[in-house]
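The structure under discussion appears below in the form of structure tokens.
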Amino acid sequence: LASGAHVFRLPGIYGPGRSPLDRVARGSSHRVDVPGQVFSRCHVEDIVSGVIAGMNGPAGAYNLADELPASPNDVVAFAARLLGMEPPPFVALETLSPMAQGFYAENRRISNFKAKRVLYWTPRYPDYRVGLRALSAMTSPPMTSAAPAPASADQR
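Residue -13 is where the sequence shown starts when you use the working numbering, and the numbers rise one by one after that.
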């Protein structure tokens, strides 16, 4: 690590437009039964606050993650419940592409202890449930607006 450098290691990133809620709603999500598998995650807003804290703190390498590494299946099922949908089906690991199988072959758990201790950083979204609830509240009900009415002759 170069002198004075700041390095931020990031786990699975989620936020507006990029979350299990979006994938479940699109029908592009699935579950794979891999017992004991967990991943760390971090909401994009927490990444921003962590990087700001880090740039104002001492040089070093910092893991920015929430407090609860969790099974991807649990996260997808929770997202489906928030949307009032049934969880997507399980798919067999061997039916996935080699790249996807490699992804599911590992646990990706990281600790944010150093960032919290050294940078005094605390994630606003301490686990995926809090983060997904906040995202759901932002987009539910979906905001829509009607097209503006054409200008009348006296407005032109």
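Glycine is no exception: its CB is placed at the ideal position from the N, C-alpha and C atoms.
Alpha carbon of residue i to alpha carbon of residue j, nearest angstrom
i     : j     : result
S15   : R(-5) : 25 Å
V20   : V62   : 14 Å
L7    : L69   : 7 Å
S35   : P136  : 44 Å
A66   : T108  : 27 Å
I38   : P44   : 12 Å
V(-7) : A101  : 11 Å
Beta-carbon proximity list for residue i, same chain, < 6 Å, skipping 5 on both sides
i    : result
L54  : D113
R229 : Only positions -13 to 142 of the chain appear in this structure, which leaves residue 229 out of reach.
Which of helix, strand or coil DSSP assigns to residue i
i     : result
I(-1) : strand
A11   : helix
Y48   : strand
V20   : coil
A(-9) : coil
R67   : helix
Own chain residues within Cβ distance below 8 Å of residue i, not counting five before or after
i   : result
S97 : N49 and A51
Residues of its chain near residue i, where Cβ-Cβ distance is below 7 Å and the 5 sequence neighbours each way are ignored
i   : result
A78 : none
Residues sharing a beta bridge with residue i, DSSP
i   : result
A56 : F25
| said: For the region -3 to 5 against the region 104 to 124, do three or more pairs of beta-carbon atoms, one drawn from each stretch, fall closer than 8 Å, so that the two count as touching? | reply: yes
| request: Examine the Cβ distances between the region 72 to 88 and the region 24 to 34 and report whether three or more of them are shorter than 8 Å. | output: With fewer than three CB-CB distances shorter than 8 Å, the region 72 to 88 does not count as touching the region 24 to 34.
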